[in-house]
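Enquirer: Chains as they are written, first to last, in the working numbering: chain F, 1 to 203; chain P, 1001 to 1096.
1. State the start and end residues of the unbroken alpha helix (DSSP H) segment that holds residue 1035 of chain P.
2. Would you say residue 1020 of chain P reaches chain F, if we count a Cβ-Cβ gap shorter than 7 Å as a contact?
3. Residues of chain F with CB closer than 8 Å to the CB of residue 1016 of chain P, please, in chain order.
4. Run through chain P and tell me which residues come within less than 9 Å of residue 125 of chain F, C-beta to C-beta.
5. Excluding sequence positions up to five away, which residues of its chain have a Cβ less than 8 Å from the Cβ of residue 144 of chain F?
6. Check whether the stretch 175–187 of chain F touches the stretch 68–81 of chain F, taking contact to mean three or more Cβ pairs, one atom from each stretch, closer than 8 Å.
7. Based on Cα-Cα distance, which residue from F:153, F:136, F:107 lies nearest to residue 1060 of chain P?
8. If the criterion is Cβ atoms closer than 7 Å, does the pair residue 64 of chain F and residue 116 of chain F meet it?
9. Give me the residue from F:21, F:17, F:16, F:14 with the minimum Cα distance to residue 186 of chain F.
10. Going by C-alpha to C-alpha distance, which of F:148, F:122, F:113, F:191 sits closest to residue 134 of chain F?
11. Within 10 Å of its beta-carbon, does residue 1015 of chain P have 16 or more other beta-carbons around it, so buried, or fewer, so exposed?
12. By a C-beta neighbour count over all protein chains shown, 10 Å radius and 16 as the cutoff for buried, is residue 1081 of chain P buried or exposed?
Now the structure itself:
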């Protein structure tokens, strides 16, 4: 009885609106899903690779214990010099042995006092990284940082700087909308079927 | 924005948009149109895989002089669907 009264109170406007919503949700789901497929696959694959960057060898792990107290560390300029000297010629820019350290070719220097080394990352295409002992200046490792490029590809920066992060933003918004509309498309038929089934069962 | 990046963005977003619009009521189009459509779809799928593979493998920025990575990474998603559509048009049997 109460079900009949409620149905009488809303004269078929609600089902029509629900149908319209479902139609919009379906097309949003379809169009955004197709449009963002390639971008989302790329973002997902690069994301998985970044999660496992150590296992995949994209980020070299150098095991090292400090050889002296941190207070005895040699100056940053000397460490950078040692790193540039050990780096492949293609990664050094125009820098040559004996010249003053060119800070333009150095991206960053990541000092790890507990490990006793500094990671000097260069600004070449391969993001070459040289690991140097901060107490002795000995080069411990020279290798590429593949994860730097994958990070840029993941965010969209690889296509031309920070403005291009809009690409991954668009893909993320598309994914969120696709998920919400997918959920809606799954849930609404169940909700609308609910009272009918309940009525058929004689509740 | 360089020509390659424009081609890449066109292949990434505009080509799927065109394919979606084209695929709407595809069953009502001619067999040639259908073949061209499926050719373009296959072209875009293959191009997406190639772009991803060439983009990621050797994970480092590629210089402008690297024509192979530049072609597959940036141009393939625009050109392959066109080639696929063309192939679909050319190889449609006409004697039926």
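All C-beta atoms in this analysis are idealised placements derived from N, C-alpha and C, irrespective of residue type, glycine included.
Expert: On the basis of the coordinates in this document:
1. 1031–1056
2. yes
3. 34, 35, 37, 38
4. 1060, 1061, 1062, 1063
5. 126, 127, 128, 129
6. no
7. F:153
8. yes
9. F:21
10. F:113
11. buried
12. buried
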